[in-house]
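> Residue numbers (the working numbering), protein chains in the order written: chain A, 1 to 261; chain B, 1001 to 1417. All C-beta atoms, glycine included, are put in the ideal place defined by N, C-alpha and C.
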Amino acid sequence: MDQPNNKRFGMVIDLDKCTGCGACMVACMAENNVPFREDDTDKLLSIAWMRVYRLKNGKSFPQAEECFLPRPCQHCEGHHGHSPCVSVCPATATDYDMQTGIVSQVPTRCFGCRYCMAACPYHVRQFNWWDPVWPDGMERSLNPDVSVRMRGIVEKCSFCYHRYQRALDKAYAEGRRDLKEHEYQTACTQACPAGAITFGDLNNPAHAVHKLAQPDMAHEGQSRNPKAFRLLERLGTNTKIYYLSSKEWVRKAGDTAVQKA
Amino acid sequence: MDSALIPKGVKRCPIGQFAVFIAVVGAVLLWGVVAMFLCYIKGLNQTNMNNAYGFALWIWADLAVIALGGGAFFTGLLRYIIGKDELKNIINYAVLIGFVCYSSALLILAIDVGQPLRAWFIFWHANVHSMLTEVAFCLTCYFGVLTIEYIPLILENRQLDKVPFCHHLSHNMHGIMAVFAATGAFLSFFHQGSLGGVTGVLFGRPFGYRTGIGIWPWTFFLYTWSAAACGPCFTIFITRITEAATRKKLVKDNVIDLLAKIAGWMLLTYIVAKIIDTWYWAAVTAPSMGLTLMDFYSNNPGSAYGLWILIAEVGICGVLPAIMLVSGSVRRSPALLFIAVTLAVIGACLNRWVMVLQTQAVPVLSFESWFTYFPSWQEIATTILPVAYGVILIALSYRYLPIFPQEQELNPIEGGK
Ligand code: SF4
Ligand code: SF4
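#1: At the level of alpha carbons, what is the spacing between His162 of chain A and Pro121 of chain A?
#2: Go ahead and label Cys110 of chain A buried or exposed: buried means 16 or more other beta carbons lie within 10 angstroms of its beta carbon, across all protein chains shown.
#3: Considering only the beta carbon of each residue, do Val52 of chain A and Pro35 of chain A sit closer than 9 Å?
#4: Among B:Leu1109, B:Ser1303, B:Gly1212, which residue has its Cα nearest to the Cα of Leu1057 of chain B?
#5: Given the structure, does Ser83 of chain A come close to ligand 1, in the sense that its CB is under 8 Å from one of the ligand's heavy atoms?
#6: What residues of chain A sit near Gln1481 of chain B, judged by a beta carbon separation below 8 Å?
#7: Measuring straight from C-alpha to C-alpha, what distance separates Phe1021 of chain B and Leu1337 of chain B?
#8: Please state whether the Cβ-Cβ distance between Ile241 of chain A and Val12 of chain A is less than 9 Å.
#9: In the DSSP assignment, what residue or residues form a beta bridge with Tyr243 of chain A?
#10: Measuring CB to CB, does Gln1192 of chain B end up less than 9 Å from Leu1005 of chain B?
#11: With 7 Å as the C-beta to C-beta threshold (strictly closer), list the residues of the segment 77-92 of chain A near chain B in chain order.
#12: At least one CB of chain B closer than 9 Å to the CB of Lys240 of chain A: is that the case?
#13: Going by beta-carbon coordinates alone, are Arg1079 of chain B and Ala1181 of chain B separated by less than 9 Å?
#14: Do the CB positions of Ala1340 of chain B and Leu1350 of chain B come within less than 9 Å of each other?
#15: Within the 9 Å Cβ cut-off, does His1129 of chain B reach chain A?
#16: Can you tell me whether Val1163 of chain B is buried or exposed? The criterion is at least 16 other CB atoms within 10 Å of its CB, across all chains shown.
#17: For Glu38 of chain A, which of helix, strand or coil comes out of DSSP?
#18: For Gly1043 of chain B, which residues in chain A fall below 9 Å Cβ to Cβ?
#19: Under 7 Å, CB to CB, which of the residues in the segment 23-55 of chain A have a partner in chain B?
#20: Between the Cα of Asn5 of chain A and the Cα atoms of A:Thr94, A:Ala93, A:Gly101, A:Ser245, which residue gives the shortest distance?
#21: If you follow the beta strand (DSSP E) that Glu1409 of chain B is part of, which residue opens it and which one closes it?
#22: Would you kindly check if the distance between the Cβ of Ala191 of chain A and the Cβ of Asp14 of chain A is under 9 Å?
#23: What number of angstroms, rounded off, separates the C-alpha of Leu1139 of chain B from the C-alpha of Arg1247 of chain B?
#24: Would you say Met150 of chain A and Asp131 of chain A are within 9 Å of each other, going by their C-beta atoms?
#25: For Arg51 of chain A, report the span of its beta strand (DSSP E) as first-last.
#26: Give the C-beta separation of Tyr1398 of chain B and Thr1242 of chain B to the nearest angstrom, bearing in mind that I take them to be a contact with Cβ-Cβ under 8 Å.
#27: State the Cα-Cα distance for the pair Arg177 of chain A and Val250 of chain A, rounded to the nearest angstrom.
#28: Is the beta carbon of Val1065 of chain B closer than 9 Å to that of Tyr1102 of chain B?
Pasting the structure below:
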């Protein structure tokens, strides 16, 4: 199963660079045909595969600081692909791909039991409470590579898997078996004006993500970079999204045992 | 009018009174059916669930009725396998209550899934690693067993019994009931346990997560155990309510006493195990996940999940009824016995409530806060729907089937019939 040439696609998000502009969210919505409603103010009912959180250090002026944290699916590997959400799905509608490290979601297979939502501590998995309704004419601008989803099922970030397939198709057509780093990039990565998001193969030492994340594979991918942290690392979710921050309070915010002042 | 259908030697209320009763409960049932169709037609946006509360009132109701329906398998086990012969006087009712509980659970599940037409995927594309898969398989099989256990009872209806085929079928089914009781106990062990595993395996949710043996978290065993303890309490609870409603004694005291005593010892041992589990989780498991006990019980809106809920579940509705039920003098007092079984029933419901709801309410990411939820009327109506259905099925069964073997003896009719 776990072949040595397996890829582990992942991300490094530099929070020092993120301005919280939300371009990644918009790009993701457009790329993945994410449905929205006329009034989408209730964020617990709306869907966003990428969501930008606003973190505060809880101090008052002049020590007050804040930080924006974009949160795509963390593509948890858990122990040997035992991600929190994958193992629980009764209908095998979600899967951990050992070859890419991507946690997939099969919308046509999901029957909406929502067990995976209860399992994911990041609130990444979101439910289609309504059928999608596109504003007049918008159907024509939907991405043909991504199937639209119906009401009653769960969806989430796929690391723009269709882009991976498209890139592979192109490479195969050109007689290549491997992709260059720039050939497979997610929509959010490309949309970020601040260049805060880096995407690539964490297993490939030549890739920028590997250099930034410096994953220690002997310790479930823990980063050797002192500026890096992963969300809820101590739960053993073994995520593939690494965050960078020069601020200690931000790095601590990723842990459950945060200083509760 | 329907006297030909009523079991021999017992008295039932006039058909008019019965019809009014059924009509009133039927109205409640109809309300639930309307809500159910709203959910089917408009979708789950009819609920107050959201992306933080994917599991809510319905899943709690499922877990709770299945725990309470555990009286069927456990009484069956005691009666047929362990040989507590007196329990033959209450086993019919335990089976009927179990049947109501399990059919209710299946009904609620069928409303709960977002795409009910795809519900069969759980069997077709089964993921054997999922606790829900195990639940679905065992629950469906066990519901089959309960149906098989219920059928001979229906066949004993006065008119049906006259048909030789029905008479012999029912007789023969009774003869092999031990096999079904054993199968039921086996299946129950697994699905009750798997329901415990549902939250127990969620290693991303420190409130619900438990360590355990192999693939089974401790909650796997605790749920089975508590179902075996609180299920019979629910059987007694419903029996007492039926007796009050019919103004008749239906089961002899020694039968209730035996069941209550066994339930009491089960509850006592369960609650000791539960306390050890809670302590281990609070002292070892949760801290290893970076959280302290009070992180789960403080700073939430309206103290909906304060320490009080733990004290209520484990103390007032756990230790207290356990001590009461093992005491002979308490069991001999009808009022105290009723209080004890009621507390035990509430305890099981509270346990399922916190395991489902609080698990999701607790913030795990440090920059999120507690999530709140209150069910919509559609959720409440669809949860009351099975209760109304249960009342009707029990009323019909009581009226037309010889559910209580001791009824005739306890309530002799002058002149006989
Ligand atoms: S972040 Fe959530 S949805 Fe994504 S892999 Fe992890 S548990 Fe699953
Ligand atoms: S909601 Fe869908 S993907 Fe999630 S566990 Fe249920 S069937 Fe699987």
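So, from the data block:
#1: 26 Å
#2: buried
#3: no
#4: B:Leu1109
#5: yes
#6: Past the edges of chain B, shown from 1001 to 1417, lies residue 1481 of chain B, and the structure says nothing about it.
#7: 28 Å
#8: yes
#9: A:Ile13, A:Phe229
#10: no
#11: Pro84, Ser87, Val88, Cys89, Pro90, Ala91, Thr92
#12: no
#13: yes
#14: no
#15: yes
#16: exposed
#17: coil
#18: Asn128, Trp129, Trp130, Asp131, Arg151, Gly152
#19: Leu44, Leu45, Tyr53, Leu55
#20: A:Gly101
#21: No beta strand (DSSP E) contains Glu1409 of chain B, which is instead part of the alpha helix (DSSP H) from 1407-1410.
#22: no
#23: 35 Å
#24: yes
#25: 51-56
#26: 7 Å
#27: 40 Å
#28: yes
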